[in-house]
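Please read the structure below before turning to the comments.
There are 2 protein chains.
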Amino acid sequence: MIATAAPSTRDLLVTTAREYLDTEGLDGIGLREIARRAGLSHGAPLRHFPTLGRLLAAVAAEGFRDLYASAAEQLDAVAATDPRGRLGAAAFGYVRFAAQSPGVFGLMFRSDLCDTDDPDYATEGGASFGQLVDLVVAAQADGFHPDENPAELAGVLWATMHGLASLHLHGALAPTTGQIDLDTLVTLANRLAFGVSPISSEDTP
Amino acid sequence: MIATAAPSTRDLLVTTAREYLDTEGLDGIGLREIARRAGLSHGAPLRHFPTLGRLLAAVAAEGFRDLYASAAEQLDAVAATDPRGRLGAAAFGYVRFAAQSPGVFGLMFRSDLCDTDDPDYATEGGASFGQLVDLVVAAQADGFHPDENPAELAGVLWATMHGLASLHLHGALAPTTGQIDLDTLVTLANRLAFGVSPISSEDTP
DNA sequence: TGGTCGGGGTTGACAGTGTCTACATTTGAG
DNA sequence: CTCAAATGTAGACACTGTCAACCCCGACCA
C-alpha cells in the first residue's frame, strides 16, 4: 500500500478546523484554538502539520473537493439540459457552496492563511477549474462563443461567479443593490452570458 | 470653520500604512509596525484611532477614493466614446487600480481587518458603486439591456471585474489559464458583455 | 503672571498568538 | 525484551492589539 493515510488525529484536526469555520467563520481561527476544540495540547497540531498554513491548506483542499461536488450536484439536477444550461447550473453550484460554507470558501482564497505550496491545495484547485473548462468546451461545441480561448472564457465566467460570491460574503452587495437575493444576481449573470436560459433555482436547496 | 482636519500625525499614520501596503503587501501589517515606521511609540496610534480596524478603515476609505479616481481617469481617456465604451473603460480602471495597488485593494475588501462601521468607509465605498451605477444607467439609455434593474446589472458587472482582480491577485488565474495578461481577460469580459467594443488598453498605462 | 487642564506621546503591563525545544509516553519491529 | 521512532505535553520566546498610568507642553483663563 502506498498511503492508506493517517488513522485519526490528523483527520480530527482537519475536521475540527472545518467545524470551527462552519460555526464561527474564519475570524478567530488559530492553531491553539483548533487544538483546544480537538481536546489536545496547544503544540499537538505541529506533530501532524509543520505549520498552521499547512493545516489550513489541507482544510482548503477538502473545500475544493466539496466545491467540485457542489457543482456536480447541481449538474446532476439538470442533467438533460443543453451545455449552456449545464454551465449555468455549475455557476449556481459555485455560489451555493460559497453561501452555505462561507468559512471554508473564504479560507480557500486567502493565501496569507493557506500555505499555497501545499500540493493537495494546488491539485484540488486545478481539478475544480478543470471541471469548469470541460463545461465551457462543451458549450463552445454547442455554439457558445466558439472562437474564444476556452481557458480565457472559463476564467471570465469563473471570475463572475467568484466576484458575486465574494462581494456577497463581504456584505457589499446587500447595501448597494438593495435587498436582492444572490440567486437573482446569478440568474441575471447567466442571462447576460447566455442570452436566455431561465434556470430555475428552487429545486435542490 | 467646521473641520479643517488634523494637521499632521493622524495623516502621517494613514500615509505610513499606505506606504507599507504598497511596498510589503498586507501580510505583516499591524499597529506596532505602522507606529515603528512612522517613528512613534507603539501606543501612539491609539491616540488617533480607537483601534487598528479604524485606522485600516481610514486607509481603505482613501483607497476607495483612489479607485474612483482610477476609473474616472480611464473615462477621461476615452471621453468621446459611446456609453458602452465608457462602461468598459471604467472596468479597465477598476482592475488597473487593483493591479497597481494590490495592498490597498486587498485591504478594502477584508472586513476582518477594516472596521466596516467606519462612516467614511461606507460612504466612499457607496460613492464608488454609485459611479458604476451612473454608467450603467447611461448605457441602458443607449440600449444596453434596458429592461434590467440597474443596480442588479451594476452588481453583476462589478462582480465580474472584482472577481478578475481578486483571482489575479490571488495568483489563481496565472497557473490555470496559462500565462495570460489580465487586460486580455478584461477585454474578453467586455466583449462578452457588450458584444464587440474593442477597447484598446495600450494607452494610459 | 500664574494656575490648571487636556490632547498627544511614551512606557509598561496583560492576554493572546505561532513556533521551537526539551521531555514523557506510547507503540511497533527486530 | 529492547530500542527507536512516532506522538503528545509543557514551557519558553518573540510577537501582537489593547489598556492604564504617567508625563509634558501648549492653550486658556482669572
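Going down the list, the protein sequences come from chains A and B.
Counting in this note's numbering, the first sequence runs without a single skipped number right up to 205 at its last residue.
Counting in this note's numbering, the second sequence runs without a single skipped number right up to 410 at its last residue.
Glycine residues also receive a C-beta, built at the ideal position from the N, C-alpha and C atoms.
Tell me which same chain residues have a C-beta within less than 6 Å of the C-beta of residue i, skipping the five on either side of it?
i	result
PRO50/A	none
LEU173/A	LEU167
LEU226/B	GLY308 and VAL309
LEU12/A	ALA38
ALA370/B	VAL300 and ALA303
ALA222/B	ILE239 and VAL264
LEU374/B	PRO307
GLY25/A	GLY103
TYR185/A	First, the amino acid is wrong: residue 185/A is Leu here, not Tyr. Excluding sequence neighbours, LEU185/A sits near LEU164.
ASP325/B	ALA266
VAL219/B	ALA263 and VAL264
GLY268/B	VAL309 and MET313
Under 7 Å Cβ to Cβ from residue i, same chain only, skipping five residues before and after it: list those, please.
i	result
THR214/B	HIS253
ARG65/A	GLU124
LEU318/B	GLY258, LEU261 and LEU312
ALA44/A	ALA35
VAL133/A	PRO150, ALA151 and ALA154
ASP145/A	The sequence given here has His at residue 145/A, not Asp. Counting only Cβ-Cβ distances below 7 Å, and skipping sequence neighbours, we find LEU153.
Helix, strand or coil for residue i per DSSP?
i	result
ASP82/A	coil
ASP325/B	helix
ALA172/A	coil
ALA38/A	coil
SER213/B	coil
PHE109/A	coil
GLU353/B	coil
LEU26/A	coil
GLY88/A	helix
PHE414/B	No information on residue 414/B is available, as it lies outside the stretch 206 to 410 that chain B covers here.
ASP142/A	coil
SER166/A	helix
LEU218/B	helix
SER101/A	coil
GLY298/B	helix
ASP339/B	helix
GLY248/B	coil
Only counting the same chain, and skipping five residues up and downstream in sequence, which positions put a Cβ closer than 8 Å to that of residue i?
i	result
THR204/A	Only weak support exists for where THR204/A lies, its pLDDT of 39 falling under 50; the value from the coordinates is given anyway. Within the same chain, THR204/A has close Cβ partners GLU73, GLN74 and ALA77.
ILE385/B	LEU378 and ALA379
ARG54/A	ASP115 and ASP118
GLN131/A	TYR68, ALA71, ALA72 and ALA90
LEU251/B	LEU236
HIS42/A	LEU31, ARG32, ALA35 and ARG36
GLU148/A	GLN140
Within the continuous alpha helix (DSSP H) that includes residue i, where are the two ends?
i	result
ASN190/A	182–194
ARG270/B	257–282
Short-range partners of chain B found in the stretch 99–111 of chain A, where Cβ spacing is below 7 Å: Across the stretch 99–111 of chain A, CB contacts with chain B closer than 7 Å involve PHE109 and SER111, in sequence order along the chain.
Closer than 8 Å, Cβ to Cβ, to anything on chain A: give me those residues from the stretch 364–389 of chain B, in chain order. ALA364, THR365, MET366, HIS367, GLY368, LEU369, SER371, LEU372, HIS375, GLY376, ALA377, LEU378, PRO380, THR381, THR382, GLY383, ILE385 and THR389
Validate contact between the stretch 280–299 of chain B and the stretch 339–348 of chain B using beta carbons, cut 8 Å, 3 pairs: yes
Evaluate contact between the stretch 27–42 of chain A and the stretch 60–80 of chain A, counting only Cβ atoms and requiring at least three cross-stretch pairs below 8 Å. no
Any chance the stretch 153–161 of chain A sits against the stretch 293–309 of chain B, with 3 or more Cβ pairs inside 8 Å? no
Could you name the residues of the stretch 343–361 of chain B whose beta carbon sits closer than 9 Å to any beta carbon of chain A, in the order they occur along the chain? HIS350, GLU353, ASN354, ALA356, GLU357, LEU358, ALA359, GLY360 and VAL361
For the stretch 223–249 of chain B, which residues have a beta carbon sitting closer than 7 Å to at least one beta carbon of chain A? ASP232
Any contact of the stretch 324–339 of chain B with the stretch 124–136 of chain A, i.e. 3+ C-beta pairs under 8 Å? no
Of the residues that make up the stretch 44–70 of chain A, which ones have a beta carbon closer than 7 Å to any beta carbon in chain B? none
Cβ-based contacts, 7 Å cut-off: residues of the stretch 284–296 of chain B near chain A: none
Which residues, in order along the stretch 320–333 of chain B, keep a beta-carbon less than 9 Å from a beta-carbon of chain A? THR321, ALA327, GLY330 and GLY331
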